[in-house]
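Here is the structure we will look at.
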Amino acid sequence: MRSLYVPNLKEGLFNLSEDESHHAVKVLRAKVGYSYTLMNGIGGSAEGEILEITKSSCLLKVGEISVEDRPLFGLTMIVAPTKKTERFEWFLEKATEIGVDRIYPVFTSRSEFKVEKFERWNKILISAMKQSKRKWLPELMATDELENTIAHVRSDVSPHFFIAHCLDPIQENEKAHLLNKLSKNQSAVIAIGPEGDFTLEEVKMMLSHNGSEVTLGDMRLRTETAALTAVTFYNAVQVKG
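Going by my numbering, the sequence shown opens with residue 21, and the numbers climb by one from there.
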């Protein structure tokens, strides 16, 4: 069953927003009598049947809402958007499908992309949530400078904080592989730098916030590939026996 995003989901008769009605009719080819899975992005879902279609809205009959609790543990990604924005948007889509709790786009010293596209990026998350049938929409944070973001994230209850970079290690003789540092049933924050990597000063700043240096392997990865690799590693650890 195809999915629709309804942030103010409620049982009974309900009118879809104009944007989602347009998506249902023009993209999904909805007709009266068709049923869809409705999701509010905060764990709630229900089946809805289309009763009426007008030029700007669809009237639905919404059934009983079921609620999936928010996972106790989650992944926060801190990622510098790429110069070619479609690469970062690819990461947003795939990370949502695989599983991420929160995303902080950041500007760094070597960032070549200094424009925020919050509305467009959030729509990508919504689309990926619907496609993958995940019940919780990842929280997309406003883009900020790296130092401000780190200070904000580390003021929360302390999950494990990992810094993936390609510089020589600062704390130890060698960096541990991220897979060997992640734990099941434990939240994590992972920072991925821009195409030119973090500067030494940025790495030291993050280490001062109790970060740990990690590697993703021997290959030098693009920003979006590195970020998605980290997301995949985290989720693989959560499902292993």
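Backbone N, C-alpha and C define an ideal beta-carbon position, used for all residues, glycine too. Note that the structure is a prediction, hence the values are computed from the model and not measured.
Q.
Contact between the segment 232 to 241 and the segment 153 to 164 is defined here as three or more beta-carbon pairs at a separation below 8 Å; is this criterion met?
A. Output reads no: the segment 153 to 164 does not touch the segment 232 to 241.
Q) Residue range of the beta strand (DSSP E) that residue 56 falls in? A) Where residue 56 is concerned, the enclosing beta strand (DSSP E) starts and stops at 55 to 59.
Q: Would you kindly check if the distance between the Cβ of residue 147 and the Cβ of residue 182 is under 8 Å?
A: No, the Cβ-Cβ distance between residue 182 and residue 147 is not below 8 Å.
Q: Answer yes or no: do residue 56 and residue 29 have a C-beta to C-beta separation smaller than 8 Å?
A: Going by C-beta atoms, residue 56 is not nearer than 8 Å to residue 29.
Q.
Using a Cβ-Cβ cutoff of less than 6 Å, which residues in the same chain neighbour residue 35 once the five nearest sequence positions on both sides are dropped?
A. Short of 6 Å from the beta carbon of residue 35, and not among the five residues preceding or following it, lie these beta carbons of its own chain, in chain order: 77 and 79.
Q.
DSSP three-state label for residue 43, please.
A. Looking at residue 43 - three-state DSSP - the assignment turns out to be helix.
Q. Taking residue 138 as the reference, which of 180, 256, 108 and 225 has the closest Cα?
A. When only C-alpha atoms are compared, the closest one is 108.
Q: Give the range of the alpha helix (DSSP H) segment to which residue 173 is assigned.
A: From DSSP, the alpha helix (DSSP H) with residue 173 extends over 166 to 173.
(Q) At the level of alpha carbons, what is the spacing between residue 180 and residue 99? (A) For residue 180 and residue 99, the distance between alpha carbons rounds to 16 Å.
Q. What do you get for residue 209, buried or exposed, if any count of 16 or more other CB atoms within 10 angstroms of its CB means buried?
A. Buried, because 16 or more other Cβ atoms sit within 10 Å of the Cβ of residue 209.
Q: Compute the distance between the beta-carbons of residue 47 and residue 71, then report whether it is under 8 Å.
A: Cβ distance not < 8 Å, so residue 47 and residue 71 don't count as in contact.
Q) In three-state DSSP terms, what is residue 35? A) Residue 35 falls in the strand class under three-state DSSP.
Q) Residues in its own chain within less than 8 Å of residue 206 by CB, not counting five upstream and five downstream? A) Answer for residue 206: 93, 179 and 180, listed in chain order.
**Q.** When 254, 154, 187 and 190 are compared against residue 198, the one with the closest alpha-carbon
**A.** Just measuring C-alpha positions, the residue of 254, 154, 187 and 190 sitting nearest residue 198 is 254.
Q. Can you round the beta-carbon distance between residue 251 and residue 145 to whole angstroms, since I take them to be within the 8 Å contact cut?
A. Wrong, their Cβ atoms sit about 13 Å apart, outside the cutoff.
Q. Where residue 166 and residue 115 are concerned, what is the direct C-alpha to C-alpha distance, given to the nearest angstrom?
A. Distance between the alpha carbons of residue 166 and residue 115 is about 20 Å.
**Q.** Cβ pair residue 163, residue 111 closer than 8 Å
**A.** Taking 8 Å as the Cβ cut-off, residue 163 and residue 111 do not qualify as a contacting pair.
Q. Got a sec? Which residues, its chain only, sit under 7 Å from residue 220 by beta carbon, not counting five neighbours each side?
A. Short of 7 Å from the beta carbon of residue 220, and not among the five residues preceding or following it, lie these beta carbons of its own chain, in chain order: 187.
Q) How is residue 187 classed by DSSP in three states: helix, strand or coil? A) Coil at residue 187, not helix or strand.
Q: Please work out which residues of its chain come closer than 7 Å, Cβ to Cβ, to residue 222, disregarding the five sequence neighbours upstream and downstream, and give them in chain order.
A: These residues qualify, in order along the chain: 128, 129 and 166.
Q. Taking the alpha helix (DSSP H) that residue 259 falls in, what are its first and last residues?
A. Per DSSP, residue 259 belongs to the alpha helix (DSSP H) from 243 to 259.
(Q) Measuring only the C-alpha atoms, how far is residue 27 from residue 73? (A) It is roughly 20 Å from the alpha-carbon of residue 27 to the alpha-carbon of residue 73.
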